[in-house]
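Trainee:
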């Protein structure tokens, strides 16, 4: 087998991977030169790891994959497979697995950080500090807030668990509640009923045909005056123009956004300069432990692949 992955991940895990798959060969992503056609032809498995995302080498990595005629299996460090390149690869019959849940903890930690930051006015305070302006402010309590978490996968479940420790009443939302969620959970069909009651709307849902544009002008209008929106799922789950309008009108009290309709977020987008908005560059789950856990998922799957066993987290759509 010939594994296409970053030099960094192979340097750390290569010895262990070769123990699981004897004879495994590495095809790296060199800087300063293109892979030769015969190198690309040898690739039959690939691992898209977090270090490639963080270093901006994703386009180069997927450009190679789209040219690899013998690719049979691709593992992804992230959970989402909504990007067109993933669909192109799967349409070729390539098996795709992901590391769903590996970054759930740091993403949930980011959500809690943003909940606190929005309640405590972290962005206005930062603006005041930059302007050397001494302006004491009154802030809402976190304890007693009502939170809706849309998407009760690993991330949503961890958000619900952590928020409860701050005295927040959490209600989850998923298409069909299973009964094993860590909080009261309603079906998506009751979303509009729930929005009337919540102070914090947290979006952790993946992008699907059902979730695209799920939250728009009508949904924002249902939220109580001053409500906060936190999105760590996918940008197109929200109608961004409607969100901007709701923030500018003052109906929404603030938003913390890690994902956007267009990424990187264009410099002309008004979200950058709004005093009640916190912008982060799709990085809420980028931590060393998260990367380590994604590599552990791949390592387990590599052993399964070599033994001809079923793979974990295989994407079936």
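Numbering (the numbering used here), first residue to last: 38 to 354.
Backbone N, C-alpha and C fix where the C-beta goes; we use that ideal spot for every residue, glycine too.
Does residue 41 come out as helix, strand or coil in the three-state DSSP assignment?
Mentor: Within the chain shown, residue 41 is the residue found at index 4, counting from 1. In this structure, residue 41 counts as strand in the three-state DSSP scheme.
Trainee: If you drop the 5 nearest sequence neighbours on each side, which residues of the same chain put their C-beta closer than 6 Å to that of residue 113?
Mentor: To locate residue 113, count along the chain shown from 1; it is residue 76. Closer than 6 Å at Cβ, skipping near neighbours: 85 and 135.
Trainee: Do residue 131 and residue 118 come within 9 Å of each other at the CB atom, strictly closer than that value?
Mentor: The residue given as residue 118 occupies position 81 in the chain shown. The residue given as residue 131 occupies position 94 in the chain shown. Not in contact: residue 118 and residue 131 (Cβ atoms no closer than 9 Å).
Trainee: Which same chain residues end up closer than 7 Å to residue 259 when comparing Cβ atoms and leaving out the 5 residues on each side of it in sequence?
Mentor: Numbered from its first residue, the chain shown carries residue 259 at position 222. Answer for residue 259: 229, 232 and 233, listed in chain order.
Trainee: Here's a check: name, in chain order, each residue in its chain whose Cβ is nearer than 6 Å to the Cβ of residue 251, leaving out the five neighbours to either side.
Mentor: Reading the chain shown from its first residue, position 214 is the one you call residue 251. Hits under 6 Å: 274.
Trainee: Round the Cβ separation of residue 143 and residue 282 to the nearest angstrom and send it over; I've been treating them as touching at under 8 Å.
Mentor: Position 106 of the chain shown holds residue 143. Position 245 of the chain shown holds residue 282. With a Cβ gap of about 31 Å, residue 143 and residue 282 do not count as contacting.
Trainee: Do you know offhand how far residue 55's Cα is from residue 39's?
Mentor: The residue labelled residue 55 in the question sits at position 18 within the chain shown. The residue labelled residue 39 in the question sits at position 2 within the chain shown. Roughly 11 Å separates the two Cα atoms.
Trainee: Alpha carbon to alpha carbon, how far is residue 241 from residue 150?
Mentor: Start at 1 with the first residue of the chain shown, and residue 241 comes out as number 204. Start at 1 with the first residue of the chain shown, and residue 150 comes out as number 113. Roughly 15 Å separates the two Cα atoms.
Trainee: Could you say which of 58, 46 and 72 lies nearest to residue 92 if we only look at CA atoms?
Mentor: Here the question's residue 92 lines up with position 55 in the chain shown. Measuring from the Cα of residue 92, the nearest candidate turns out to be 46.
Trainee: How many Å lie between residue 50 and residue 109 at the Cα?
Mentor: Taking the chain shown and counting its residues from 1, the one referred to as residue 50 is at position 13. Taking the chain shown and counting its residues from 1, the one referred to as residue 109 is at position 72. So the two alpha carbons sit approximately 21 Å from each other.
Trainee: Would residue 139 pass as a contact of residue 341 if the rule is Cβ separation under 9 Å?
Mentor: In the chain shown, counting from the first residue as 1, residue 139 sits at position 102. In the chain shown, counting from the first residue as 1, residue 341 sits at position 304. No, these two residues do not count as a Cβ contact at 9 Å.
Trainee: Anyone know if the C-beta pair for residue 183 and residue 235 falls short of 9 Å?
Mentor: As a working note, residue 183 is residue 146 in the chain shown. As a working note, residue 235 is residue 198 in the chain shown. Yes.
Trainee: Counting pairs of beta carbons, one from the stretch 335-351 and one from the stretch 168-180, are three or more of them closer than 8 Å?
Mentor: Touching, no, given that fewer than three Cβ pairs across the two stretches are closer than 8 Å.
Trainee: Check each candidate in 227, 129, 302 and 177 and name the one with the smallest Cα separation from residue 213.
Mentor: Within the chain shown, the letter at position 176 stands for residue 213. Among 227, 129, 302 and 177, the Cα nearest to that of residue 213 is on 227.
Trainee: Looking at C-beta atoms only, is the number of pairs between the stretch 122-129 and the stretch 313-320 that lie closer than 8 Å three or more?
Mentor: Touching, no, given that fewer than three Cβ pairs across the two stretches are closer than 8 Å.
Trainee: Below 7 Å CB to CB, which residues in the same chain sit around residue 284 once its five sequence neighbours on both sides are set aside?
Mentor: Position 247 of the chain shown, counted from the first residue, corresponds to residue 284. 292, 311, 313 and 314, listed in sequence order.
Trainee: Measuring only the C-alpha atoms, how far is residue 137 from residue 190?
Mentor: As a first step, residue 137 is located in the chain shown; it is residue number 100 there, counting from the start. As a first step, residue 190 is located in the chain shown; it is residue number 153 there, counting from the start. C-alpha separation (whole angstroms): 9 Å.
Trainee: Starting from the Cα of residue 249, find the closest Cα among 69, 94 and 120 and give me that residue.
Mentor: Taking the chain shown and counting its residues from 1, one reaches residue 249 at position 212. Of 69, 94 and 120, the residue nearest in Cα terms is 120.
Trainee: Return the bridge partner residues of residue 206 from the DSSP annotation.
Mentor: Translated into the one-based positions of the chain shown, residue 206 becomes position 169. DSSP lists 183 as partners of residue 206.
Trainee: Could you tell me the boundaries of the beta strand (DSSP E) in which residue 62 lies?
Mentor: For the purposes of this step, residue 62 is taken as residue 25 along the chain shown, with counting starting at 1. 62-64 is the span of the beta strand (DSSP E), which, as asked, contains residue 62.
Trainee: Once the 5 residues before and after residue 79 are set aside, which same chain residues still bring their CB inside 8 Å of it?
Mentor: If you number the chain shown from 1, residue 79 lands on position 42. If we look at residue 79 and ignore the five residues flanking it on each side, its Cβ neighbours are 39, 62, 64 and 107.
Trainee: Measure the CB-CB distance between residue 264 and residue 290 and report whether it falls below 9 Å.
Mentor: For this step, residue 264 is matched to residue 227 along the chain shown. For this step, residue 290 is matched to residue 253 along the chain shown. For residue 264 and residue 290, yes; Cβs fall inside 9 Å.
Trainee: Going by Cα to Cα distance, which pick from 222, 332, 104 and 272 is closest to residue 76?
Mentor: Along the chain shown, read from residue 1 onward, the residue named residue 76 stands at position 39. Checking every option, the nearest Cα to that of residue 76 belongs to 104.
Trainee: Alpha carbon to alpha carbon, how far is residue 295 from residue 188? Give it in angstroms, no decimals.
Mentor: Working through the chain shown from its first residue, we reach residue 188 at position 151. Working through the chain shown from its first residue, we reach residue 295 at position 258. Whole-angstrom Cα-Cα distance: 16 Å.
Trainee: Here's the rule: buried if 16 or more other CB atoms are within 10 angstroms of the residue's CB, otherwise exposed. What is residue 197?
Mentor: Within the chain shown, numbered from 1, the residue matching residue 197 stands at position 160. Flag for residue 197 reads buried.
Trainee: If we count the other Cβ atoms within 10 Å of its Cβ and call it buried at 16 or more, is residue 353 buried or exposed?
Mentor: Looking up residue 353 in the chain shown gives position 316. Looking at its Cβ environment, which holds fewer than 16 other Cβ atoms inside 10 Å, residue 353 is exposed.
Trainee: As a quick exercise: from 94, 158, 305 and 343, pick the residue whose alpha carbon is nearest that of residue 43.
Mentor: Translated into positions along the chain shown, residue 43 becomes position 6. When each option's Cα is compared against that of residue 43, the closest is 94.
Trainee: Run through the stretch 90-148 for me and flag every whole beta strand (DSSP E) of 3 or more residues, listed as ranges in chain order.
Mentor: Runs found: 110-113 and 132-135.
Trainee: So who's on the other strand from residue 221, going by DSSP bridges?
Mentor: Here residue 221 refers to the residue found at position 184 when the chain shown is read from its first residue. The partner list for residue 221 (beta bridge, DSSP) reads 208.
Trainee: Counting C-beta neighbours from all protein chains within 10 Å, is the total for residue 101 16 or more, i.e. buried, or is it exposed?
Mentor: Taking the first residue of the chain shown as 1, we reach residue 101 at position 64. Counting Cβ neighbours within 10 Å, residue 101 comes out buried, since at least 16 surround it.
Trainee: Let me confirm a value: residue 299 is counted as buried when at least 16 other C-beta atoms fall within 10 Å, else exposed. Which label applies?
Mentor: The residue you call residue 299 lines up with position 262 of the chain shown. Its Cβ having fewer than 16 others within 10 Å, residue 299 is exposed.
Trainee: Report the start-end ranges of each beta strand (DSSP E) in the stretch 287-336 that is 3 residues or longer and not cut off at the edges.
Mentor: Runs of the beta strand (DSSP E) inside the stretch 287-336: 289-294 and 314-316.
Trainee: Using three-state DSSP, classify residue 80 as helix, strand or coil.
Mentor: Here residue 80 refers to the residue found at position 43 of the chain shown. Here residue 80 sits in coil by DSSP.
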